[in-house]
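In this note's numbering, the protein residues as written are 367 to 521. Note that the Cβ used here is the ideal one computed from N, Cα and C, for glycine as well. Presented below is the structure to which this report refers.
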């Protein structure tokens, strides 16, 4: 799909564990950010599937999740001022990823360092049932819970 160059593209990771729980996180010290799933901007020239793997590793430390399938795309206009000026139109590429093994713990904290060693964000990650996720996530992410359920059932 060819997208306009002035469109901000994001990759979003809905990661499930062997029990069918979803990985979510909260920003430590930033309750206004709400509960989210790993997601972030796609670099120029980067494929969405590569971006979703990178974002998951950066925001959780998980680098070995299997991409099950792309759940879809959603377009929106971002009027919140958190994207580069001129890139208010967004497309969100949404993927289902799966871990074939349980993590050592059900909850942990992770520092996202980006391209350097200085932490940019601290995330409090946890596994939750899909019903809990549907109630806690922002609407732009919660709308993907039903397609995720279908993806889990098809596996």
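Partner residues in the beta bridge of residue 402, as assigned by DSSP, are 391. Where residue 501 is concerned, the enclosing alpha helix (DSSP H) starts and stops at 496 to 502. A distance below 8 Å separates the beta carbons of residue 461 and residue 437. Less than 8 Å divides the Cβ of residue 496 from the Cβ of residue 515. Shown here, residue 432 sits in a strand according to DSSP, grouped into three states.
Residue 418 is bridged by DSSP to nothing; it lacks a bridge partner. Less than 8 Å separates the beta-carbon of residue 439 from that of residue 459. Beta-bridge partners assigned by DSSP to residue 469: none are found.
With respect to the 8 Å criterion, residue 431 and residue 464 are classified as neighbours on the basis of their beta carbons. In the displayed model, residue 488 falls within a strand according to three-state DSSP. Assigned with DSSP and collapsed to three states, residue 521 falls in coil, not helix or strand.
Distance from the CA atom of residue 418 to the CA atom of residue 427, rounded to whole angstroms, is 13 Å.
DSSP places residue 508 inside the alpha helix (DSSP H), whose first and last residues are 505 to 508.
About 5 Å separates the beta carbons of residue 508 and residue 500, which is inside the 8 Å limit, making them a contact pair. Going by C-alpha positions, residue 434 is about 15 Å away from residue 512.
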